[in-house]
DNA sequence: GCAGCATTTGCACACGCTTGCAAAAGCGCT
DNA sequence: AGCGCTTTTGCAAGCGTGTGCAAATGCTGC
């Protein structure tokens, strides 16, 4: 019972009365087989419960059909939404997703990519962290395609997908100004990833263009708790902000909860809030948060289509895609 | 550049001045190699950037190290938390997770399991839906191990992990009664999965034991929106419930938001609410929901340890594990 | 019936690895 | 040195598949 005994193409061949190559071809789209034998093979396969061994196929073809997803904090709303989108797109493209968790430790992403190489993945998509240069080289040298999402690394080779973070941040300032806010604050985390810093920089720059200063507070790792702590700090200042741009929806949720339940502030009357990501909770009645929608579907589509694309047509090298984050107006800013 | 050209064990062998078998053994824990040659091989491998080809290894050993996770609605808080736990445990156990999305369509789970077989996965863990009997047979016949989480199927073979849903539901009734509630309601979805139905049945039974009736309302698929709709229906009844047990935290969040923002009810003063799952949002200040914590870590541990366990010791057959959902007291019920 | 051609089929090798088996090497002892 | 024993090593046979190549088959038009 415990012994693993899969049915092989040879057995199917015998049952169908054809050669083993025939059954191989019957399962290879576009191969040279007559319709009659193809049917006979398929029938025999069905009866025996045969399934092509993708390990062996991958060994021969030198491409496994596996795409490795490297991600930390999978359980976070934005990450899991992106993950859903990616796996769906991959399945549609006939690939299969391999999921590798990373933590904050240094070699974590590198180990994930090693796994990818060991399974001869056709490519890897990195949602968190950055790979070491050496391992990136190793991947590329092996014909592994790499996609970096929202991690701006400047080495050539990988496809880099990013958003217009700074421009988006600029639009927040005009929204705040139009709402009559004057004391702007930015709630960031200490993670310091390029996209977070771009939002901060863009916000500050646009504020300066309006002649406004920005109070910046950073704490923790872009989660709900971090938002509460930052709120705690910002709202106890002598000069209390009347508008906050949070680097992340999760932080915005924490911020709003703290503002309401600990400081009894009313949103948007006394405080305007804008977030980023448009996670599901942003649309919940308790938050009703105006925020920027990450185009997760578009991100996934371009990642997958580049991974599965023809190498000659798309070019394996140093692409950079910039996508647009759309502002979703809800009720956390006055006068939407 | 586009050609995939991995370095093979043969090249490592040549560089290290040993036979190909030696390098194979150097990478196989517990194989018979002298420490000196092992070091030489490892060094050569390092220099060449060699990574064992797990496709070929899996082909030989007839076990790939892949475990397939079959799940729908990955982006849901409870699902993604379970997913995080599972992938972590799998990585610790030296396995790697393959993620397959399913939708509500019928053959969806079956297709996922076919993928698993094609990649000769060592086992599959099913978080959503139920496989067809025939495909289950196929899996088991192939020595694929199967784990079903919260899906009570009674066919022998797979490991079935469940919670004490009905007993838990009973404790909700005593909590409501102690809070002085008399008009009980149960907010369910139309999904009709065994665990949801067990919660409903357990709740009704315990209420009856207290001489109380329960109004049941079912709508949609256990999400936030479903919770709002059910609230809409329940709270417009002539005899408005003063206590609601929601089949799911997500539904509870929707329910609470609707109750507060559309019906201006105060929780827990006018309405007590209990949920199930203990998703992260349940602990957010806006909800502060008393609910049952799914022991996701324990679930993942038992699933993985059974999958990776010695077949002779654990026995491949018909295990059933029942785990305990712990009540987490927060502020959505009076008198916690 | 046969030449000429397109289509289909089978053979055999390759892919990169593991592992049983027997030969070789090391080692402690007389 | 020689024996018996354990450890290490290399050989070669697989694992299940894809695919180039040549042989075989089918088809068309005379």
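Chains as they are written, first to last, in our numbering: chain E, 987 to 1322; chain P, 987 to 1322.
Glycine is no exception: its CB is placed at the ideal position from the N, C-alpha and C atoms.
### Task
Counting only the same chain and skipping the five closest in sequence on each side, list residues whose C-beta sits under 6 Å from that of residue 994 of chain P.
Locating residue 994 of chain P in the second chain gives position 8, where the first residue counts as 1. Closer than 6 Å at the Cβ level, and outside the excluded window around residue 994 of chain P, lies no residue.
#### Entry: Expected contact under 8 Å - CB spacing of residue 1109 of chain P and residue 1053 of chain P to nearest Å
Within the second chain, the letter at position 123 stands for residue 1109 of chain P. Within the second chain, the letter at position 67 stands for residue 1053 of chain P. Approximately 5 Å separates the beta-carbon atoms of residue 1109 of chain P and residue 1053 of chain P; this is inside 8 Å, confirming the contact.
### Query
At least one CB of chain P closer than 8 Å to the CB of residue 1006 of chain E: is that the case?
Position 20 of the first chain, counting from 1, holds the residue named residue 1006 of chain E. No, its Cβ sits nowhere closer than 8 Å to a Cβ of chain P.
### Query
From which residue to which residue does the beta strand (DSSP E) around residue 1261 of chain P run?
Position 275 of the second chain holds residue 1261 of chain P. Here the beta strand (DSSP E) through residue 1261 of chain P covers 1258-1263.
### Query
Which residue from P:1258, P:1283, P:1248, P:1243 puts its Cα closest to that of residue 1272 of chain P?
Looking up residue 1272 of chain P in the second chain gives position 286. When only C-alpha atoms are compared, the closest one is P:1243.
### Task
Would you kindly work out how many angstroms separate the C-alpha atoms of residue 1112 of chain E and residue 1277 of chain E, rounded to a whole number?
Here the question's residue 1112 of chain E lines up with position 126 in the first chain. Here the question's residue 1277 of chain E lines up with position 291 in the first chain. In a straight line, the C-alpha of residue 1112 of chain E is about 24 Å away from that of residue 1277 of chain E.
#### Entry: Segment contact flag, the segment 1174-1194 of chain E with the segment 1133-1144 of chain E, C-beta cutoff 8 Å, min 3 pairs
Counting Cβ pairs under 8 Å, three or more are found: they touch.
### Query
With C-beta atoms as the reference, is residue 1203 of chain E less than 8 Å away from residue 1240 of chain E?
Position 217 of the first chain holds residue 1203 of chain E. Position 254 of the first chain holds residue 1240 of chain E. The answer is no: Cβ separation not under 8 Å.
### Backbone CA spacing between residue 1280 of chain E and residue 1188 of chain E [nearest angstrom]
In the first chain, counting from the first residue as 1, residue 1280 of chain E sits at position 294. In the first chain, counting from the first residue as 1, residue 1188 of chain E sits at position 202. Their Cα atoms are separated by approximately 17 Å.
### Query
What are the boundary residues of the beta strand (DSSP E) that includes residue 1279 of chain P?
What you label residue 1279 of chain P is simply residue 293 of the second chain in a count that begins at 1. Residues 1276-1279.
### Message
Please report the straight-line C-alpha distance between residue 1294 of chain P and residue 1070 of chain P, rounded to a whole angstrom.
### Response
Position 308 of the second chain, counted from the start, is the residue given in the question as residue 1294 of chain P. Position 84 of the second chain, counted from the start, is the residue given in the question as residue 1070 of chain P. Going by the C-alpha atoms only, they are around 18 Å apart.
#### Entry: Proximity winner among E:1008, E:1023, E:1090, relative to residue 1206 of chain E (alpha-carbon distances)
Translated into the one-based positions of the first chain, residue 1206 of chain E becomes position 220. Closest option to residue 1206 of chain E, Cα to Cα, is E:1090.
### Task
Please confirm if residue 1026 of chain E has its CB atom under 8 Å from at least one CB of chain P.
For the purposes of this step, residue 1026 of chain E is taken as residue 40 along the first chain, with counting starting at 1. Residue 1026 of chain E does not count as touching chain P.
### Query
Run through DSSP, which three-state label would residue 1086 of chain P get?
Along the second chain, read from residue 1 onward, the residue named residue 1086 of chain P stands at position 100. The answer is strand: DSSP assigns residue 1086 of chain P an E or B state.
### Query
From the beta carbon of residue 1091 of chain P, is the nearest beta carbon of chain E less than 8 Å away?
Counting from one through the second chain, the residue named residue 1091 of chain P turns up at place 105. Not an interface residue.
### Query
Smallest Cα separation from residue 1044 of chain P: which of P:1120, P:1106, P:1263?
On the second chain, position 58 is the one that residue 1044 of chain P refers to. Relative to the Cα of residue 1044 of chain P, the nearest Cα in the group P:1120, P:1106, P:1263 belongs to P:1106.
### Query
Near residue 1286 of chain P, which residues of its chain fall below 8 Å by C-beta distance, leaving aside the five closest residues on each side in sequence?
Walking along the second chain from the start, residue 1286 of chain P turns up at place 300. Excluding sequence neighbours, residue 1286 of chain P sits near 1068, 1071, 1072, 1074, 1075.
### Task
Indicate whether residue 1116 of chain E and residue 1309 of chain E have their beta-carbon atoms separated by less than 8 Å.
Here residue 1116 of chain E is taken as the residue at index 130 of the first chain, counted from 1. Here residue 1309 of chain E is taken as the residue at index 323 of the first chain, counted from 1. Against a cut-off of 8 Å, the Cβ pair of residue 1309 of chain E and residue 1116 of chain E comes out as no contact.
#### Entry: Selected residue, minimal CA-CA separation from residue 1050 of chain P, among P:1246, P:1081, P:1032
Translated into the one-based positions of the second chain, residue 1050 of chain P becomes position 64. Per the Cα distances, P:1081.
### Query
Which word fits residue 1306 of chain P, buried or exposed, when buried means at least 16 other C-beta atoms lie within 10 angstroms of its C-beta?
Taking the second chain and counting its residues from 1, one reaches residue 1306 of chain P at position 320. Residue 1306 of chain P is exposed by the Cβ-count criterion.
### Query
What did DSSP end up calling residue 1167 of chain P once you bin it into helix, strand or coil?
In the second chain, residue 1167 of chain P corresponds to position 181, counting from 1. Here residue 1167 of chain P sits in coil by DSSP.
### Task
Go through its chain and collect everything with a Cβ distance to residue 987 of chain E's Cβ below 6 Å, but skip five positions before and after it.
Taking the first residue of the first chain as 1, we reach residue 987 of chain E at position 1. Residue placement at residue 987 of chain E is flagged as unreliable, the pLDDT there being 43, under the threshold of 50; the coordinate-derived value follows with that caveat. Here the set comprises nothing.
### Message
So for residue 1307 of chain P, helix, strand or coil by DSSP?
### Response
The residue labelled residue 1307 of chain P in the question sits at position 321 within the second chain. Three-state result, residue 1307 of chain P: strand.
#### Entry: Contacting residues, own chain, Cβ-Cβ under 8 Å from residue 1006 of chain E (five flanking each side not counted)
Taking the first residue of the first chain as 1, we reach residue 1006 of chain E at position 20. Counting only Cβ-Cβ distances below 8 Å, and skipping sequence neighbours, we find 995, 996, 999.
### Task
Taking 8 Å as the threshold, find out whether the segment 1157-1174 of chain E comes into contact with the segment 1223-1242 of chain E through three or more Cβ pairs.
yes
### Task
Compare the C-beta of residue 1038 of chain E against all C-beta atoms of chain P and say whether one is closer than 8 Å.
Here residue 1038 of chain E refers to the residue found at position 52 of the first chain. Closer than 8 Å: yes.
### Query
When we look at the beta-carbon of residue 1319 of chain P and count the other beta-carbons within 10 Å, is it buried (16 or more) or exposed?
If you number the second chain from 1, residue 1319 of chain P lands on position 333. It is buried - the Cβ of residue 1319 of chain P has at least 16 other Cβ atoms within 10 Å.
### Query
Are the C-beta atoms of residue 1207 of chain P and some chain E residue less than 8 Å apart?
Looking up residue 1207 of chain P in the second chain gives position 221. Output row for residue 1207 of chain P: interface = no.
### Message
Does the CB of residue 1310 of chain P have a neighbour CB from chain E at under 8 Å?
### Response
Along the second chain, one-based indexing puts residue 1310 of chain P at 324. Taking Cβ atoms only, chain E never reaches closer than 8 Å to residue 1310 of chain P, which makes this a no.
### Cβ-Cβ distance between residue 1313 of chain P and residue 1157 of chain P below 8 Å
Numbered from 1 along the second chain, position 327 holds the residue referred to as residue 1313 of chain P. Numbered from 1 along the second chain, position 171 holds the residue referred to as residue 1157 of chain P. Yes; because the gap between Cβ atoms is below 8 Å, this pair is in contact.
### Query
How would you list, in chain order, the residues of chain P whose beta-carbon sits under 7 Å from the beta-carbon of residue 1170 of chain E?
The sequence position of residue 1170 of chain E within the first chain is 184, counting from 1. Neighbours of residue 1170 of chain E on chain P: none; closest Cβ ~24 Å, over 7 Å.
#### Entry: Alpha-carbon to alpha-carbon, residue 1275 of chain P and residue 981 of chain P
Any property of residue 981 of chain P remains undetermined from this structure, which presents chain P solely from 987 to 1322.
### Message
Out of E:1133, E:1123, E:1288, E:1038, which one is the CA nearest neighbour of residue 1035 of chain P?
### Response
Residue mapping note: residue 1035 of chain P aligns to position 49 of the second chain, counting from 1. Among E:1133, E:1123, E:1288, E:1038, the Cα nearest to that of residue 1035 of chain P is on E:1123.
### Task
Would you verify that the beta carbon of residue 1106 of chain P is, or is not, closer than 8 Å to some beta carbon of chain E?
Along the second chain, one-based indexing puts residue 1106 of chain P at 120. In terms of beta-carbon proximity, residue 1106 of chain P lines the interface with chain E, with at least one pair separated by less than 8 Å.
### Task
Under 8 Å between beta-carbons, which chain P residues line up against residue 1101 of chain E? List them in chain order, please.
Within the first chain, residue 1101 of chain E is the residue found at index 115, counting from 1. Residues of chain P passing the Cβ test: 1082.
### Message
Relative to the C-alpha of residue 1235 of chain P, which candidate in P:1094, P:1102, P:1063, P:1224 has its C-alpha closest?
### Response
Residue 1235 of chain P sits at position 249 when you count from the first residue of the second chain. For residue 1235 of chain P, the nearest C-alpha among the options comes from P:1063.
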